[in-house]
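S.K.: Below is one structure. I have some questions about it.
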Amino acid sequence: MFKSSSKKQLSGGDMRLASGGRINRDKPLTFTFDGKTYGGYEGDTLASALIANGVHLVGRSFKYHRPRGIMTAGSEEPNALIRLGEGAKIEPNIRATQIELYPNLKSESQNRWPSLNFDLGAVNSIVARMLPAAFYYKTFMWPASMWMTYEHFIRKAAGLGKAATDHNDPDRYEKTNAHTDVLVVGGGASGLMAALSAGRAGARVILADEQNEFGGWLLSESDTTLDGNAADQWIADAVAELEAMENVTMLKRTTVFGYMDHNYLTMMERVTDHLGETPKHMPRQRMWKIRAKHVVLAQGTHERPMVFGGNDRPGVMLSSAVRSYITRYGVAPGRRAVVVTNNDDAYRTALALVDAGVYLRAIVDMRPAPATPLVSEAMRRGINVYTSHALVEAEGTRHVGRAKVARINPKDGSITGDAFYLDCDLVAMSAGFTPIVNLHSQARGKLDWDDQQLCFRPSTYHEAAQCVGASNGIFDLADAMSDGAKAGADAATAAGFKADQAATPKVDAPGQDYRPLALWKVVSDANPGAGPKAFIDFQNDVTSSDIKLAVREGYHSVEHVKRYTTNGMATDQGKTSNINALGIIADELDDKIPNVGTTTFRMPYTPASFGGIAGREIKGLFDPIRATRMDQWHHDHGATFEHVGQWMRAWYYPQAGESMDDAVQREVKAARTTAGLLDASTLGKIDIRGKDAAEFLNRVYTNAWLKLPVGRCRYGLMLKDDGMVMDDGVTSRLGENHFHMTTTTGGAAGVLDWLEEWHQTEWPELEVYMTSVTEQWSVSTLSGPNAKKIMNKLGCSVPLDDDNFPFMSFKDATLAGLPVRIFRISFTGELSYEINTPARLGLALWKNIMAAGEEFGITPYGTEAMHVLRAEKGFIIVGQETDGSVTPQDLGMDWIVSKKKDDYIGKRASERASMALDNRKQLVGLVTENPKDIIPEGAHAVLDPNQPMPMEMLGQVTSSYYSPNLGKSIAMALLKGGHKMMGETVYFPMINGAAPIKATITDTAFYDPKGEKING
Amino acid sequence: MLNISCPFCGEREELEFSCGGEAHIARPLAENSITDAEFADYLFLRDNTKGVFLERWRHAAGCRRWFNMVRDTVSHEIIEIYPMGELPKSKEGIAAYEACWRRDTAAEAAAKPKKSSAKPSAKKGK
Amino acid sequence: MVKLKNIPGLSALSMAKASASPQPEGSKGMVVIRDTGLTDKINLRCQADNPVITKAIKRMVGADIPTAANTFNQAGHRSIIWLGPDEWMIMAENGASDDIIAELDTPEAGHVAVVNISDALGAVTIEGPHARDVLAKNCAIDFHPRAFTKGMAVQSLLSHAGVTILCLDDDKMMVVGRTSFMPYILDLLSDSAIEYGYDYHAA
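Going down the list, the sequences are from chains A, B and C. 23 is the number of the first residue of the first sequence in my numbering; add one for each residue after it. 8 is the number of the first residue of the second sequence in my numbering; add one for each residue after it. 6 is the number of the first residue of the third sequence in my numbering; add one for each residue after it.
Shown next as structure tokens:
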């Protein structure tokens, strides 16, 4: 029945069956694995194509570097993890069973060196007696100082595939949100039925399936008809009906990998992975974030491997996978097969093998006297069936060569007869089926042990969800389909639709007994502790001995055994290993599986790519960048920018040949000698309205606001209720019940939220409304002795003399013909105008001011110069001089704290005894002995630099600059008891052997302490 | 991720909201003098309840309004959502409110006005 | 008083240039994104039953003040959008705000806050059979035609930007965002629309 056995490798492989399968034999493809070129067909997976070419050895195991082959035909594959693609598109650890073949696919095996056939790491297998469970924990515990060294080698030796070294992933990734009435996870028989019920009712349905076509295991069953037709006919009809419904979204190649609270699920759609080349406009993958009213989980089952020595050898496969390769892919996984089982299902595989022309040596059945229709059929067909027999060891080197079989006592697994050998190149094993409850378990659903079918089944639900079909422990096809149909109708009904249960087709399938033999003991003829390795968790290289050892060492909780042995951890999440491990633990503890309990399955169900999780939130779209309306001008004039929150602000404007220091010094100097212009648009601005607006301000600021005249401005300090400084700014009274508040750039959103919180939650009786106007206004701050001349030259519509327009007042006016609101406030200590204009005119105003100021040498200055200018005046910056532990008193700003007000936010906390302690850190000025020494910000002060370490530290420098206007270095610092240390000397020890910097404590007002410059 | 029903905007994703921590922490009034230790109950101490918890939330990316929530921190079940300034009405919410140690503190007593003529304190939402 | 309408100003997206990506096979139609340019916006805070405001809105907008959550009412170029139990936004043509504010912000109206935020916000429209798909990529609101219908307006997050999204028609939405976020919002929408093909038209 095989295709001609001539060496036509590139036409689909020697092991390709002459007919059958869902592959497209008209579309041959070539691909490479470890540099060698092979042929396959469209519709193949990499796994089926490799098997078709007789390639079973596809990787080395994680810990022992044992040769490993393809074991499954689905996403539960623990062995065949492949490095796929080239260059920056390389992705490691992809399951060969999930890789759809595309033209010129390039793949490589992993975890082997120098080659897959000859791997030096396999020495671990020889010294395996020294690598028991938790070997790393035990061996590298001591000495602790060596851990970094050990870790280096462990990391190098461990870990699976290698990621791409080129980090510029060329692919696009999408992320999207969706809401649905019913999410059906799994498009097999029961999932399709659920979708039909819900879809026909008109509910919004999303049906997601991880495979390239809907149908699930039905696609692999050749012995089943639905309504008298082959199963795929029924699938095609159901899919066509669903696809025609506008309320149904059908998603193939889409894995639901996370199930979170309130029916929030995440899934990854592999949009173009199967094409090989991604069209430029298309994403490679798309992550979906779903909010579902109801979830139907139709994930199906995982077949359990049988635990025997050498069960990990290439050529040992799950029985259902063997059936799938034959039926779905038209591939024979071997030429001489042995089927080993403890249940009926493997008989269907045996029959499929015979039908495909594979020489079936025997069925080895552990059950004593199975008498079901399938067994009878096998006997009738002349298949050699050994009952009460077990497979003791699969022998071979890089491929199974023979199976060692012996008669057993099915009650206790003891060997009762002489072993004999069956030559074979394929072992199809089945130890029963486990409903896939991973998502149910992620969603905190509970499980009950089914003593007949030997599996955990969903019992209670935490979310609005229902497991159906095989994942609900219902293995009979007809029953599973009607279970799905009912759940779909129930889900639609719960979502508010009138729904009927879709009619189930007439199922004709082999009668099957779903009760496996309850025997967890590993059949072995070796002495305890010796003998070949029998694997439980293939991906993590955990053997039956490891589990037993863990139990012997006192780990009796299943969660402890899991972590001690790593069984069921990592990307595999115990898909094939969980129940086998529990059976062995129960045996060792002489207890029952339900008493041992089960571990919790974690996200993700199968690994999700970081690309998909990041989506488009990378590079320029990682975080918004906010710019002012004058941004382009700053760019055009060579500005360097700094991030202030999400804002990009002009930092300084270097001219040709200037260093940052040069530029900042020049800008600082200009602002004091002629005029400087700052883009201050980013300041937070809040419009405050209402008859209680003044009272509200009185409560949120430390100073008094009730009597501020209309037209005047006042500086305010806001505290948190713990008495610590939170924000500051100037607020102006626009009208009797109307204020314009400014906040720090970084504090803008937080302050508005703060005000709303207090208004809404504490003082709802106050009539006041707050509205953010931060971006309504562009702000150009003109500062310096020539500021007034420039204002006049611009035709300012209001007189600028101090009587008419005094310091700390504002005027609405026109300037250069533009409507403006001018605040006469100053953060530099110079005569200064903060000129606000509707933002659309911000750039026009800026350009006008620059043009008018040209004859005076007006200089644009950035945030760095602003920092120096305010430091020369000793003005604080919240967040630089403060850190959430600093009070107004600490800052020497008692003057702004009202003694008369009954209450304001932070008042009671300020009265705490601890707030009056002498040793609080207090803000002081510092002048260095050498005027050129600039103390690094953050440097710590000590009284005696020669004291032994650890030194007693007084506090730290918060701001430090060279002041060009004073011709010396200045700094501010928070020092313990600093206010009483005026004139004292402190030292700042430096690293790398540099001499400590010596400084004298001073007042913080370094420049123009009397404030004579404020009027120009 | 929670699905939260804003009392004004309806059901929205949790990412539109910000949690404001424990609810019903009444702020002592300035007219009532309490000790530093008593004030600390208001200022610093916060519950971290396993089970039914009363907490404040804000629809930060929506209508910006604050509201209260009765939530089971284990099951993440949202039992009740109720306006600022009011007390829970659900059985679980009432029980959690009454069982809270704050009910017996001087800090909470100090949040009530001294004089009977003062505004009713029932409006206190914090 | 200087009339803003008569002075050339910059909209939130004045610096953004026209851009496009071709419509690929499988797309149901191009996504068309347009800057709405300079339009006026007013933030209104008051009690929903304020009789003076209710009448003034009817007069100045031509539509009733919406009291149902997540809705807006429109009449010609003017509309009023529900933002909260005591908060609305009025959108109107460039230059209209002075007159509207004058009618709303009167002593008779009592406790109200009427604030011109024309320049604080920008807006783009997004049309085409994939407009909803583009929005859904960046926002967790349910944009299904059954759930998000003409006349609805929601405040939410478009990725990292706070926005108000209006359903103008089955295939036409408007995204309103803070001015400084508009370039980011445009980049986000354009990038999301590459899958379907798009055209961006500057104002």
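From the three backbone atoms N, C-alpha and C, an ideal C-beta is built for every residue, glycine too. Computed from a predicted structure; not experimentally measured.
Just the Cα atoms here: how many angstroms apart are Asp176(C) and Arg137(C)?
M.R.: Going from the Cα of Asp176(C) to the Cα of Arg137(C) covers about 7 angstroms.
S.K.: If you measure from the beta carbon of Cys998(A) to each beta carbon in chain B, is any gap under 8 angstroms?
M.R.: The sequence shown places Lys at residue 998(A), not Cys. No, because no Cβ of chain B sits closer than 8 angstroms to the Cβ of Lys998(A).
S.K.: Out of curiosity, what's the CA-to-CA distance linking Val544(A) and Val329(A)?
M.R.: Cα-Cα distance, rounded: 6 angstroms.
S.K.: Name, going along the chain, the residues of the region 145–159 of chain C whose beta-carbon falls closer than 7 angstroms to a beta-carbon of chain B.
M.R.: Answer set for the region 145–159 of chain C: Ala145.
S.K.: At the level of alpha carbons, what is the spacing between Lys29(A) and Arg357(A)?
M.R.: Because the pLDDT of Lys29(A) is 41, which lies under 50, any placement of that residue in the model is unreliable, and the number read from its coordinates should be weighed accordingly. So the alpha carbons of these two residues sit roughly 16 angstroms apart.
S.K.: Does any residue of chain B bring its CB to less than 8 angstroms from the CB of Pro112(C)?
M.R.: No, no contact with chain B.
S.K.: If we define contact as Cβ-Cβ less than 8 angstroms, is Lys921(A) a contact residue for chain B?
M.R.: Cβ-Cβ to chain B under 8 angstroms: no for Lys921(A).
S.K.: For Gln798(A), which of helix, strand or coil comes out of DSSP?
M.R.: It is coil, neither helix nor strand.
S.K.: From the DSSP output, in three-state form, read off Ala118(B) for me.
M.R.: Coil.
S.K.: Report yes if the CB atom of Met215(A) is closer than 8 angstroms to the CB atom of Ala524(A), and no otherwise.
M.R.: Yes; because the gap between Cβ atoms is below 8 angstroms, this pair is in contact.
S.K.: Who are the Cβ neighbours of Ala116(B) in its own chain at under 6 angstroms, not counting the five residues just before and after it?
M.R.: Answer for Ala116(B): no residue qualifies.
S.K.: What does a CB cutoff of less than 6 angstroms around Gly751(A) pick up in its chain, not counting 5 residues either side in sequence?
M.R.: The residues are Thr764 and Thr765.
S.K.: If contact means a Cβ-Cβ distance below 9 angstroms, which residues of the region 58–86 of chain C contact chain B?
M.R.: Result list: Ala74 and Asn75.
S.K.: For Pro336(A) and Pro89(A), which I take to be in contact (beta-carbon distance under 8 angstroms), what is that distance rounded to the nearest angstrom?
M.R.: With a Cβ gap of about 6 angstroms, Pro336(A) and Pro89(A) count as contacting.
S.K.: Establish whether the CB of Pro90(C) and some CB of chain B are separated by less than 8 angstroms.
M.R.: Yes, Pro90(C) counts as interfacial toward chain B.
S.K.: Using a Cβ-based criterion (distance less than 7 angstroms to any ligand heavy atom), does Glu87(B) qualify as near the ligand GTP?
M.R.: The ligand GTP is absent from the structure shown, which contains no ligand whatsoever.
S.K.: Strictly below 7 angstroms CB to CB, what residues from chain B border Lys468(A)?
M.R.: The contacting residues do not exist; Lys468(A) stays about 13 angstroms from chain B at best.
S.K.: Please list, in chain order, the chain C residues whose beta carbon lies closer than 8 angstroms to that of Glu108(A).
M.R.: In chain order: nothing, as chain C lies at least about 24 angstroms away.
S.K.: Can you find a C-beta in chain B that's less than 8 angstroms from the C-beta of Tyr281(A)?
M.R.: No, its Cβ sits nowhere closer than 8 angstroms to a Cβ of chain B.
S.K.: Check Ala320(A) in the structure and name its three-state DSSP category.
M.R.: DSSP places Ala320(A) in coil when its eight states are reduced to three.
S.K.: Quick one: list the residues of chain C neighbouring Gly17(B), beta-carbon separation under 8 angstroms, in chain order.
M.R.: Within 8 angstroms Cβ-Cβ: Ala74 and Asn75.
S.K.: Please identify the residue among Ala102(A), Tyr60(A), His87(A) and Ala118(A) whose C-alpha is closest to the C-alpha of Asn126(A).
M.R.: Out of Ala102(A), Tyr60(A), His87(A) and Ala118(A), Tyr60(A) has the C-alpha closest to the C-alpha of Asn126(A).
S.K.: Using a cut-off of 7 angstroms between C-beta atoms, extract the partners of Arg68(B) located in chain C.
M.R.: It is worth fixing the name first, because residue 68(B) is Ala in this sequence and not Arg. What Ala68(B) touches in chain C: Gln160, Ser161, Leu162 and Gly167.
S.K.: Where does Lys641(A) land, buried or exposed, given buried means 16+ other C-beta within 10 angstroms?
M.R.: Classification of Lys641(A): exposed, given that the 10 Å Cβ count is below 16.
S.K.: Taking a Cβ distance cut-off of 8 angstroms, strictly less, list which residues of the region 706–724 of chain A are near chain C, in chain order.
M.R.: Taking 8 angstroms as the Cβ-Cβ cut-off against chain C, the residues of the region 706–724 of chain A that qualify are Asp709, Arg711, Gly712 and Lys713.
S.K.: Can you name the residues that DSSP bridges to Val119(C)?
M.R.: According to DSSP, Val119(C) bridges with Leu49(C).
S.K.: Please list the terminal residues of the continuous beta strand (DSSP E) segment that includes Gly947(A).
M.R.: Its beta strand (DSSP E) spans residues Lys943 to Thr950.
S.K.: Kindly confirm or deny that the region 50–63 of chain B and the region 75–87 of chain C touch, where touching means at least three C-beta pairs closer than 8 angstroms.
M.R.: No, the region 50–63 of chain B is not in contact with the region 75–87 of chain C.
S.K.: Indicate whether at least one CB of chain C lies closer than 8 angstroms to the CB of Leu9(B).
M.R.: Taking Cβ atoms only, chain C never reaches closer than 8 angstroms to Leu9(B), which makes this a no.
S.K.: Under a three-way DSSP split, which group does Ile430(A) fall into?
M.R.: In the structure shown, Ile430(A) sits in a strand (DSSP, three-state: E or B).
S.K.: How would you call Leu9(C), buried or exposed, if buried means at least 16 neighbouring beta carbons within 10 angstroms?
M.R.: Per the 10 Å Cβ criterion, buried.
S.K.: Return the residues of the region 78–107 of chain B that lie within a Cβ-Cβ distance of less than 8 angstroms from chain C, sorted by chain order.
M.R.: Listed by position, the residues of the region 78–107 of chain B near chain C (Cβ gap below 8 angstroms) amount to none.
S.K.: Is it right to say Val573(A) is buried, meaning 16 or more other beta carbons lie within 10 angstroms of its own, or is it exposed?
M.R.: Flag for Val573(A) reads buried.
S.K.: At a cut of 8 angstroms, does the region 43–60 of chain C reach the region 103–122 of chain C through at least three beta carbon pairs?
M.R.: Yes, they touch.
S.K.: For the beta strand (DSSP E) containing Val842(A), list its first residue and its last residue.
M.R.: Its beta strand (DSSP E) spans residues Leu840 to Phe845.
S.K.: Taking the straight line between their C-alpha atoms, what separation do you get for Arg934(A) and Thr724(A)?
M.R.: Taking the straight line from one Cα to the other gives about 16 angstroms.
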